[in-house]
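Here the sequence shown stands for residues -24 to -1, 1 to 342, where the numbers follow mature numbering (1 follows the signal peptide of the UniProt record, and there is no 0). Worksheet for the structure shown next.
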Amino acid sequence: MFKTFGKSLLAVTLAGAVAGMAQADDKVLHVYNWSDYIAPDTVDKFTKETGIKVVYDVYDSNEVLEAKLLAGKSGYDIVVPSNSFLAKQIKAGVYQPLDKSKLPNWKNLNPDIMKTLEISDPGNQYAIPYMWGTIGIGYNPDKVKAALGDNAPVDSWDLVFKPENIQKLKACGVSFLDSPTEMLPAALHYLGYKPDSQDPKELKEAEALFLKIRPYISYFHSSKYISDIANGNICVAIGYSGDVYQAKSRAEEAKNKVTVKYNIPKEGAGAFFDTVAIPKDAENPEAALKWINFLLEPAVMSEITNVVQFPNGNAAATPMVSEAIRNDPGVYPTDETMKKLYAFPDLPAKTQRLMTRSWTTIKSGK
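Okay, here's the thing in structure tokens:
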């Protein structure tokens, strides 16, 4: 009888412990976002408002995120893929549809951006826009002028894709994003081809262009350049618009006599839209929905834009963004520049494999 009672007590205790753990887990949200892509107090404000603790991890390329998602059981409730990756991941069944009845702040989203995103997410079923931006030229005007003179083509891809220019910049340092799906389209566009070309011959030409300038490239990385250009360790960074503006702010705060500027190349450039989605195997989808609704608060989203200096997809937040940021054409491009921007495509797996192999060759310089 004692043994039976003991077993029953143990079972109740274990059940209570398991229930307690489950309850505790309900109060934890696992977020996986790009590095340097949120305001310092966003997470704390969310926890204070909801009581939900946030475990916040970062990555610096879509490829890293995709590897985790496709492997399954990523352990994350919120992820932030770029729209071209979102499209193929939706097809792969990676995400769960958003329950819009639990997102009262959905009304704040920019209808034009939502329409654009339907190319990747038909019906806007799986994601909301977070931030968007361009990939262009971050540079130190003093060091570039010292290397190339007064007429340095800082508003053109010629600055880095012409060997005679980048060769002179080698001494002060040049970096590129470590992303074949974003860098090879830039080369294709520069060569006069469609940035979404799947032609192996054209892709080979893009590879050849990079190999010509490879000896003069300091490194390929998708986040390191932020601190390096802010500190004066490199003089040119091909990177994300908001990252370069963050570097500019860091240099100004440090008062280190380093000037950082950003230009969208006059020939045109790639534009990306980063989105917020919930993986199908998320352990806490209810908390994930609360996080998304929280991000859709105009005050929350405008503050993130003020910090990271990327434009957001929240129409109600735009008037609350700093006027200096709203009126900067490097952050919010002019209508003329917008016509020259291209979106990154959802490429077939065969083309992606080809690009990845090409990128490995480029990085190794062989």
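Quick reminder that beta carbons are idealized off the backbone N, C-alpha and C, glycines included.
Is the Cβ-Cβ distance between residue i and residue j less than 8 Å?
i: S217; j: G341; result: no
i: P156; j: T332; result: yes
i: Y201; j: I210; result: yes
i: V7; j: Y35; result: no
i: V252; j: A103; result: yes
i: V284; j: G114; result: no
i: L41; j: P57; result: yes
i: A258; j: Q72; result: yes
With respect to the beta strand (DSSP E) encompassing residue i, which residues constitute its N-terminal and C-terminal limits?
i: P105; result: 103 to 115
i: G218; result: Careful: G218 lies outside any beta strand (DSSP E), inside the alpha helix (DSSP H) at 217 to 230.
i: Y318; result: 317 to 319
Between the options, which has its C-alpha nearest residue i's C-alpha?
i: S60; options: D322, A258, P16; result: D322
i: F22; options: M314, L330, L265; result: L265
i: L317; options: S11, D126, I268, G112; result: G112
i: L330; options: Y13, W82, L179, Q222; result: L179
i: E243; options: D304, N141, L135, L271; result: L135
i: R190; options: D304, K146, S203; result: K146
i: A293; options: G27, W335, M107, P129; result: M107
Which of helix, strand or coil does DSSP assign to residue i?
i: V19; result: helix
i: D33; result: strand
i: K237; result: strand
i: G(-19); result: A caution first: G(-19) carries a pLDDT of 44, below 50, which makes its placement in the model unreliable, though a value can still be read off. In this structure, G(-19) counts as helix in the three-state DSSP scheme.
i: G289; result: coil
i: D250; result: strand
i: V130; result: coil
i: A147; result: coil
i: A68; result: coil
i: A(-1); result: Confidence at A(-1) is low in this model, with a pLDDT of 43, below 50, so the placement of that residue should be treated as unreliable; the coordinate-derived value is given next. Residue state, collapsed to three classes: helix.
i: A258; result: coil
i: I95; result: coil
Starting from residue i and walking both ways along the alpha helix (DSSP H), at which residues does that stretch end?
i: D204; result: 200 to 207
i: W335; result: 325 to 340
Would residue i be called buried (16 or more neighbouring beta carbons within 10 Å of its own) or exposed?
i: L93; result: buried
i: T18; result: buried
i: M314; result: exposed
i: K(-18); result: With a pLDDT of 40 at K(-18), under the threshold of 50, the modelled position of this residue cannot be trusted; read the value that follows with caution. That one is exposed.
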